[in-house]
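Peer 1: Right, I'll just put the structure down here and ask away after.
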Amino acid sequence: RDIRKAPSDLQEKLSKHKQLAGQEVVVLAKVLAAEVNYGYEDFQCCQVISFATCSHSRAQMVVEEVQSLRHLRELVATALSADVRPAFLQFRLSNDLEVVLETNAAMATQAEILH
(Lines of atoms letter the chains of each structure in order from A and count residues from 1; the text may use other names and numbers.)
(Lines give C-alpha, C1' and ligand atoms only; values in the text may rest on other atoms or scores of the structure.)
Protein backbone atom coordinates (compact mmCIF):
# COMPACT_ATOMS: atom_id res chain seq x y z
CA ARG A 1 0.00 0.00 0.00
CA ASP A 2 0.96 3.59 -0.55
CA ILE A 3 2.14 5.22 2.71
CA ARG A 4 0.96 8.60 1.38
CA LYS A 5 -2.65 7.49 1.97
CA ALA A 6 -2.05 7.08 5.72
CA PRO A 7 -2.92 9.94 8.12
CA SER A 8 -0.14 12.55 8.26
CA ASP A 9 0.78 11.87 11.91
CA LEU A 10 1.19 8.17 11.09
CA GLN A 11 3.30 8.97 8.01
CA GLU A 12 5.63 11.00 10.23
CA LYS A 13 6.04 8.16 12.73
CA LEU A 14 6.70 5.62 9.99
CA SER A 15 9.47 7.77 8.56
CA LYS A 16 11.27 8.41 11.89
CA HIS A 17 14.23 6.32 12.94
CA LYS A 18 13.91 3.64 15.59
CA GLN A 19 14.99 4.57 19.09
CA LEU A 20 15.48 0.94 20.17
CA ALA A 21 16.55 -2.18 18.31
CA GLY A 22 13.47 -4.09 17.20
CA GLN A 23 11.17 -1.12 17.71
CA GLU A 24 8.23 -0.90 15.29
CA VAL A 25 5.22 1.31 14.76
CA VAL A 26 2.23 -0.95 15.47
CA VAL A 27 -0.89 0.10 13.59
CA LEU A 28 -4.47 -0.94 14.18
CA ALA A 29 -5.46 -1.36 10.54
CA LYS A 30 -9.13 -2.17 11.08
CA VAL A 31 -11.40 -3.46 13.84
CA LEU A 32 -13.35 -6.54 12.79
CA ALA A 33 -17.00 -5.99 13.69
CA ALA A 34 -18.36 -8.08 16.55
CA GLU A 35 -20.63 -7.48 19.51
CA VAL A 36 -17.68 -7.55 21.94
CA ASN A 37 -16.07 -4.55 20.23
CA TYR A 38 -19.24 -2.69 19.26
CA GLY A 39 -18.52 1.02 18.84
CA TYR A 40 -14.93 0.51 17.77
CA GLU A 41 -15.55 -0.80 14.23
CA ASP A 42 -14.77 2.58 12.63
CA PHE A 43 -11.28 2.75 14.17
CA GLN A 44 -8.61 2.30 11.52
CA CYS A 45 -5.06 3.42 10.73
CA CYS A 46 -4.32 4.27 14.37
CA GLN A 47 -1.00 3.67 16.07
CA VAL A 48 -1.19 1.35 19.10
CA ILE A 49 0.70 3.29 21.76
CA SER A 50 0.18 1.23 24.89
CA PHE A 51 -1.51 -1.85 26.28
CA ALA A 52 -2.94 -2.13 29.78
CA THR A 53 -4.69 -4.70 31.90
CA CYS A 54 -6.95 -3.66 34.71
CA SER A 55 -9.26 -4.97 37.39
CA HIS A 56 -12.94 -4.07 37.65
CA SER A 57 -12.14 -1.17 39.96
CA ARG A 58 -9.12 -0.06 37.88
CA ALA A 59 -7.22 -0.15 41.17
CA GLN A 60 -4.74 -2.56 39.66
CA MET A 61 -3.81 -1.17 36.27
CA VAL A 62 -0.62 -2.23 34.52
CA VAL A 63 0.33 -0.11 31.48
CA GLU A 64 3.13 -0.93 29.02
CA GLU A 65 4.25 1.07 26.01
CA VAL A 66 4.07 -1.09 22.87
CA GLN A 67 7.51 -1.56 21.27
CA SER A 68 6.62 -3.90 18.40
CA LEU A 69 3.92 -6.22 17.15
CA ARG A 70 5.75 -9.14 18.77
CA HIS A 71 5.85 -7.22 22.06
CA LEU A 72 2.11 -6.50 21.90
CA ARG A 73 1.39 -10.17 21.19
CA GLU A 74 3.51 -11.18 24.21
CA LEU A 75 1.73 -8.65 26.46
CA VAL A 76 -1.71 -9.92 25.45
CA ALA A 77 -0.69 -13.60 25.67
CA THR A 78 0.77 -13.04 29.15
CA ALA A 79 -2.41 -11.30 30.32
CA LEU A 80 -4.64 -14.07 28.95
CA SER A 81 -2.56 -16.89 30.42
CA ALA A 82 -2.31 -15.38 33.91
CA ASP A 83 -3.72 -17.39 36.83
CA VAL A 84 -6.10 -14.50 37.48
CA ARG A 85 -7.10 -12.88 34.21
CA PRO A 86 -7.56 -9.13 34.20
CA ALA A 87 -11.13 -7.89 33.89
CA PHE A 88 -10.32 -5.59 30.98
CA LEU A 89 -7.79 -5.19 28.17
CA GLN A 90 -7.09 -1.60 27.16
CA PHE A 91 -5.37 -0.51 23.97
CA ARG A 92 -4.45 3.19 23.88
CA LEU A 93 -4.28 4.51 20.34
CA SER A 94 -3.12 7.68 18.64
CA ASN A 95 -5.49 10.66 18.51
CA ASP A 96 -6.51 10.09 22.16
CA LEU A 97 -8.54 6.99 21.27
CA GLU A 98 -8.73 3.82 23.29
CA VAL A 99 -10.26 0.39 22.94
CA VAL A 100 -11.33 -1.33 26.15
CA LEU A 101 -12.48 -4.94 25.93
CA GLU A 102 -13.96 -7.14 28.64
CA THR A 103 -11.42 -9.97 28.77
CA ASN A 104 -13.76 -12.96 29.13
CA ALA A 105 -16.11 -11.72 26.40
CA ALA A 106 -13.17 -11.14 24.06
CA MET A 107 -11.84 -14.64 24.71
CA ALA A 108 -15.28 -16.20 24.19
CA THR A 109 -15.76 -14.58 20.77
CA GLN A 110 -12.19 -14.79 19.45
CA ALA A 111 -12.74 -17.83 17.23
CA GLU A 112 -15.94 -16.35 15.79
CA ILE A 113 -14.26 -13.02 14.97
CA LEU A 114 -11.27 -14.67 13.33
CA HIS A 115 -13.43 -17.04 11.27
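This note's numbering puts the first residue of the sequence shown at 273, with every later residue one more than the last.
The C-beta atom is built at its ideal place from N, Cα and C for all residues, glycine as well.
Please report the distance separating the alpha-carbon of L386 from that of A331.
Peer 2: So the alpha carbons of these two residues sit roughly 32 Å apart.
Peer 1: Pick out whichever of K277, Q291, S280, V297 has its Cα sitting closest to the Cα of R342.
Peer 2: The shortest C-alpha separation from R342 is found at V297.
Peer 1: Using the rule of at least 16 other Cβ atoms within 10 Å of the residue's Cβ for burial, across every protein chain shown, is Y310 buried or exposed?
Peer 2: The residue is exposed, with fewer than 16 neighbouring Cβ atoms inside 10 Å.
Peer 1: Just checking, does the segment 339-356 make contact with the segment 300-318 on the three C-beta pairs under 8 Å criterion?
Peer 2: Flag = no, the segment 339-356 and the segment 300-318 do not touch.
Peer 1: What is the rounded straight-line gap between the Cα of V338 and the Cα of L352?
Peer 2: C-alpha separation (whole angstroms): 17 Å.
Peer 1: What are the start and end residues of the beta strand (DSSP E) that includes E307?
Peer 2: Counting along the chain, E307 falls outside any beta strand (DSSP E), and DSSP gives it neither H nor E.
Peer 1: In whole angstroms, what separates the C-alpha of E378 from that of V372?
Peer 2: Sequence inspection shows Ala at residue 378; the Glu mentioned does not correspond to that position. Each residue's alpha carbon lies about 10 Å from the other.
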